[in-house]
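Worksheet for the structure shown next.
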Amino acid sequence: MVQVITQAIGLANVSVYLGYGAIVCFCVFGTLASMATFKDSGVVYWAFHYLPYVLIGLSMPISLYHLFILGRYRIIQKGILKMILVVGMGLLAFTFAMAIKGWAVAFYMSLFLAMIAWFGMPFLFRVNLKKFLNFLNSPTDKADENENENKK
Numbered sequence: 001m002v003q004v005i006t007q008a009i010g011l012a013n014v015s016v017y018l019g020y021g022a023i024v025c026f027c028v029f030g031t032l033a034s035m036a037t038f039k040d041s042g043v044v045y046w047a048f049h050y051l052p053y054v055l056i057g058l059s060m061p062i063s064l065y066h067l068f069i070l071g072r073y074r075i076i077q078k079g080i081l082k083m084i085l086v087v088g089m090g091l092l093a094f095t096f097a098m099a100i101k102g103w104a105v106a107f108y109m110s111l112f113l114a115m116i117a118w119f120g121m122p123f124l125f126r127v128n129l130k131k132f133l134n135f136l137n138s139p140t141d142k143a144d145e146n147e148n149e150n151k152k
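Numbering (this note's numbering), first residue to last: 1 to 152.
Structure representation (structure tokens):
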């Protein structure tokens with residue numbers, strides 16, 4: 001089980017770095033897009049508007065895997081995991097509904113909200129996985145000492 005949690009933490013780190021990459025892309029390409037030199041550049045426009053969404057989208061399957069691991073080993077309560085999943089998937093479904101209806105402004109606003117929800121998940125999951133790994137690796141002597149103190 002320690003190996004699974006360690007691998008999950010590694011994947012959580014990848015997911016967090018994808019999120020950081022999305023922020024960096026947004027800032028860098030947003031700055032470039034505002035400059036007169038790149039004002040008409042299609043590549044800069046695409047990178048500014050879509051690359052952050054793609055990077056966050058790449059982290060979504062990893063987050064779903066973490067939801068499974070956290071639920072499987074009961075690291076986080078099922079109700080909390082369900083709420084996280086409902087919010088993320090609900091916002092994504094709402095985004096697709098806006099795209100189908102052709103409401104461009106509502107689509108991009110809901111896409112932004114959905115990506116923010118999915119952006120935050122790896123941070124939450126990584127912290128919980130690390131705490132669980134620390135619990136698994138903690139010496140059992142402390143637990144025995146606490147039990148002896150409680151009996152007194």
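C-beta: ideal position from N, C-alpha, C; glycine also.
Ends of the alpha helix (DSSP H) at I5?
-> V2 to S34
Is the CB-CB distance between G95 and L85 below 7 Å?
-> Before going further, note that residue 95 is Thr rather than Gly in the sequence given. Contact: no.
Pick helix, strand or coil for Y73, following the three-state DSSP scheme.
-> In this structure, Y73 counts as coil in the three-state DSSP scheme.
Boundaries of the alpha helix (DSSP H) in which P122 is found, first to last residue | A104 to N137
Is there contact here, the segment 11 to 27 with the segment 86 to 93, by at least three beta-carbon pairs under 8 Å?
-> no
From Y45, P61, L32 and Q3, residue whose alpha carbon lies closest to that of V14 | P61
Endpoints, the alpha helix (DSSP H) within which K101 is located | K78 to K101
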